[in-house]
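I have placed the structure first, in the form of structure tokens, so that the comments after it can refer back to it.
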Amino acid sequence: MDTRAELLGLLRENARYSVSDLARLTGRDENEIEEAIATLEQDGVLQGYQAVVDWSQADSEPVRATVELNVALDRETGYDDIAQRIVKFEEVRSLRLVSGDFDFALDVEADSMGAVSRFISEQVAPVPEVTQTVTHYVMESYKENGIEFGDGHDDDRLSVTP
Amino acid sequence: MTGPSIAERVRQVPPSGIRRFFELAEEMDDVISLGVGEPDFTAPSRAREAAISSIEQGRTSYTANRGKRELRETIADHIGKWDLTYDPAEEILVTAGASEALDLTFRALVDPGDIVAVAQPSYVSYVPSAIFAGGTVRPVQTKAQDEFVLTPEVLEEADAGDADLLVLCYPNNPTGATMTEAELARVAAFAREHDLTVLSDEIYADLTYAGEHTSIASFEGMKERTVVYNGFSKAYAMTGLRLGYALGPSEVINAMNRVHQYTMLSAPTTPQYAAIEALQSCDASVEAMRSQYDHRRKFVLSRFSEMGIDCFEATGAFYVFPECPWDDAEAFAQALLEEQNVAMVPGTAFGDSGSGHLRVSYATGLEELRTAMNRLERFLE
Chain A
1 MDTRAELLGL LRENARYSVS DLARLTGRDE NEIEEAIATL EQDGVLQGYQ
51 AVVDWSQADS EPVRATVELN VALDRETGYD DIAQRIVKFE EVRSLRLVSG
101 DFDFALDVEA DSMGAVSRFI SEQVAPVPEV TQTVTHYVME SYKENGIEFG
151 DGHDDDRLSV TP
Chain B
1 MTGPSIAERV RQVPPSGIRR FFELAEEMDD VISLGVGEPD FTAPSRAREA
51 AISSIEQGRT SYTANRGKRE LRETIADHIG KWDLTYDPAE EILVTAGASE
101 ALDLTFRALV DPGDIVAVAQ PSYVSYVPSA IFAGGTVRPV QTKAQDEFVL
151 TPEVLEEADA GDADLLVLCY PNNPTGATMT EAELARVAAF AREHDLTVLS
201 DEIYADLTYA GEHTSIASFE GMKERTVVYN GFSKAYAMTG LRLGYALGPS
251 EVINAMNRVH QYTMLSAPTT PQYAAIEALQ SCDASVEAMR SQYDHRRKFV
301 LSRFSEMGID CFEATGAFYV FPECPWDDAE AFAQALLEEQ NVAMVPGTAF
351 GDSGSGHLRV SYATGLEELR TAMNRLERFL E
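Taken in sequence, the protein lines are chains A and B.
FYI, in full-length UniProt numbering the residues of the first sequence are 1 to 162.
FYI, in full-length UniProt numbering the residues of the second sequence are 1 to 381.
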């Protein structure tokens with residue numbers, strides 16, 4: 001596997017791996033790893049490093065919702081133009097154009113249900129091309145970014161086996 | 001009344017060398033064990049679902065003695081990647097783990113006094129199983145300087161040419177050694193020249209990190225004298241489901257099946273459903289596990305090298321086999337366990353040629369491996 005793909009795999013598994021760990025895990029030297037990461041960042045492949053939070057275990061929990069968005073396009077306005085308008089709001093945690101019954105899928109986050117509702121009704125719905133919004137509040141999260149929440153499974157293997 | 005007397009062939013087999021060590025480790029808290037010979041992963045979800053679904057559908061009766069026809073056919077397809085061609089009707093036997101298949105082979109082929117050459121260091125059950133069947137074991141000591149591959153030279157040294165059977169296992173437990181096609185070709189030539197029947201345990205065939213596995217049965221003139229063992233425990237992380245299989249010439253498989261039908265009747269049914277699904281749709285899960293093992297392997301080898309511990313680059317299974325920093329590996333392993341709560345298995349548990357070495361399993365999460373390596377470093381200071 002080439003270094004870039006291997007590094008992406010490892011960093012997606014754990015973005016806190018140090019350069020020396022990444023070097024050990026791939027059998028390469030630290031300089032090579034540092035350079036490869038710098039290039040991935042410069043090329044815009046690596047856009048950031050974030051924590052995965054189980055909010056149900058934290059002291060306070062933001063309100064999160066998935067919002068379906070339908071839009072009507074015209075000659076002057078394409079999907080990218082609409083996306084550019086919506087993507088800039090800090091409440092929008094992710095924005096994707098998707099196939100199927102609606103056009104955009106948004107993940108929205110705010111301090112309260114009222115704040116999420118107001119954001120949708122006052123900032124998103126009034127965008128001229130938006131024809132419909134459907135808001136689904138997140139009730140429980142079981143897995144985020146490939147990480148399962150919960151106690152995990154206990155290692156019930158015998159401590160020494162042949 | 002003196003009570004039942006235990007048979008001589010059982011009495012002459014000492015308890016597993018791992019046993020004492022296991023008891024020590026079990027008594028302690030907060031032990032990080034690098035002594036585990038099974039994956040830390042669980043079986044792929046699809047395979048588990050297939051097992052559950054078979055039970056829900058009431059598939060709880062015996063299967064054919066040889067195993068479900070569909071499973072044998074799926075196995076026959078799967079092993080094509082190693083250039084192996086076996087007839088599902090006559091040349092494949094599904095067993096309760098590869099260990100059962102090995103035991104069946106010894107019972108089917110060994111007459112009292114037959115000589116069984118065993119390449120060592122080796123998995124702990126070959127020698128006892130051969131003895132239980134009445135065989136005389138002739139250890140063949142592979143060498144650290146050869147990175148523990150089997151060579152005609154060490155076979156000659158052990159007079160293995162006179163033996164009836166030769167047992168080998170690559171990728172190897174405990175050393176992690178693999179053998180290249182060229183190296184295996186020399187062993188195959190030796191086996192043909194001396195008319196040896198070869199028992200090739202290839203349970204780790206899917207877990208190689210420097211090129212594809214080669215089976216000794218794939219060489220010219222070898223299929224007719226070789227029994228190959230594989231199963232679902234290692235690559236598919238299904239150890240507790242106890243399912244393996246043997247591939248061999250029909251007369252050997254038929255003889256093994258004769259013993260199997262009277263002792264086991266058929267391998268457990270539920271795991272057979274899991275195994276079909278595993279072979280048909282779990283390649284990605286196996287690859288994901290293999291990739292993680294490979295990263296951990298490199299991590300551990302790097303840490304050893306930073307600590308000045310000599311270790312050849314093992315490219316298979318999930319073990320590395322470093323030289324022990326002390327002369328006495330047993331004393332070292334015990335002290336490391338008692339002082340730093342890290343368990344490694346002394347190489348002597350796997351035969352004399354394992355002496356001076358430690359088996360270190362990397363079938364353990366990376367964070368635990370990191371902590372274990374840090375503790376080892378502290379211990380060495």
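Beta carbons are placed, not taken as given, at the ideal position from N, Cα and C, and that holds for glycine.
All values derive from a computational prediction rather than experimental measurement.
At 7 Å on the CB atoms, spell out the chain A contacts of residue i, in chain order.
| i | result |
| --- | --- |
| V31/B | S159 |
| E26/B | S159 |
Run down chain B in chain order and give the residues with a C-beta less than 8 Å from the C-beta of residue i.
| i | result |
| --- | --- |
| G27/A | K298, L301 and S302 |
Residues of chain B with CB closer than 7 Å to the CB of residue i, please, in chain order.
| i | result |
| --- | --- |
| D155/A | D40 |
Can you give me the start and stop residues for the alpha helix (DSSP H) that residue i sits inside?
| i | result |
| --- | --- |
| I131/B | Y126 to F132 |
| Q12/B | From DSSP, Q12/B is part of no alpha helix (DSSP H); its letter is neither H nor E. |
| T74/B | R69 to H78 |
| T42/B | Per DSSP, T42/B belongs to no alpha helix (DSSP H) and is neither H nor E. |
| R96/A | It is not in any alpha helix (DSSP H) - R96/A instead sits in the beta strand (DSSP E) that spans V92 to L97. |
| T178/B | No alpha helix (DSSP H) holds T178/B; DSSP gives it neither H nor E. |
| D103/B | G97 to L109 |
| G114/A | M113 to F119 |
8 Å is my cut-off, CB to CB: does residue i come that close to chain A?
| i | result |
| --- | --- |
| Y123/B | yes |
| A51/B | no |
| E212/B | no |
| S353/B | no |
| E277/B | no |
| E339/B | no |
| F21/B | yes |
Can you list, in chain order, the residues of its chain whose CB lies under 7 Å from that of residue i, leaving out five sequence neighbours each side?
| i | result |
| --- | --- |
| K143/A | F149 |
| H194/B | G161 |
| A23/A | D29, E30 and I33 |
| P346/B | A329, E330, A333 and L358 |
| S20/A | E30 |
| R296/B | Y362, L366 and L369 |
| L301/B | C311, E313 and V320 |
| A349/B | G17, I18 and V124 |
| A185/B | F219 |
Which residues in chain A have a C-beta closer than 9 Å to the C-beta of residue i? List them in chain order.
| i | result |
| --- | --- |
| A98/B | None at all; the shortest Cβ gap to chain A is about 13 Å. |
Listing by chain order, which chain B residues have their CB less than 9 Å from the CB of residue i?
| i | result |
| --- | --- |
| residue 169/A | The question about residue 169/A has no answer, for chain A in this structure spans 1 to 162. |
| R24/A | H295, K298, F299, V300, L301, S302, R303 and E306 |
What first and last residue would you give for the beta strand (DSSP E) that runs through residue i?
| i | result |
| --- | --- |
| L10/A | No beta strand (DSSP E) contains L10/A, which is instead part of the alpha helix (DSSP H) from T3 to E13. |
| Y137/A | V130 to Y137 |
| P139/B | T136 to Q141 |
| L165/B | L165 to C169 |
| I37/A | Per DSSP, I37/A belongs to no beta strand (DSSP E); it is in the alpha helix (DSSP H), E30 to Q42. |
| A117/B | I115 to Q120 |
| T66/A | V63 to V71 |
Do residue i and residue j have their CB atoms nearer than 8 Å?
| i | j | result |
| --- | --- | --- |
| E109/A | R93/A | yes |
| L337/B | L376/B | no |
| S61/B | T269/B | yes |
| E277/B | R69/B | no |
| S159/A | F22/B | yes |
| T131/A | V124/A | no |
| A96/B | L243/B | yes |
| residue 209/A | L40/A | This structure cannot speak to residue 209/A, because chain A is shown only from 1 to 162. |
| N341/B | V31/B | yes |
| V286/B | D159/B | no |
| K223/B | Y204/B | no |
Residues of chain A with a CB under 8 Å from the CB of residue i: which are they?
| i | result |
| --- | --- |
| A343/B | S159 and V160 |
| I18/B | V160, T161 and P162 |
Report all residues from its chain with a CB closer than 8 Å to the CB of residue i; omit the five preceding and five following residues, and keep chain order.
| i | result |
| --- | --- |
| R118/A | none |
| L155/B | A117, V140, G161, L166, V187 and F190 |
Mind pulling the chain E residues with CB within less than 8 Å of residue i?
| i | result |
| --- | --- |
| V36/B | This model lacks chain E altogether, as its protein chains are A and B. |
Among residues of its own chain, excluding the 5 on either side of residue i, which ones have a beta-carbon nearer than 6 Å to its beta-carbon?
| i | result |
| --- | --- |
| D83/B | S218 |
| F312/B | E147 |
| F41/B | A237 and M289 |
| T197/B | L165 and R225 |
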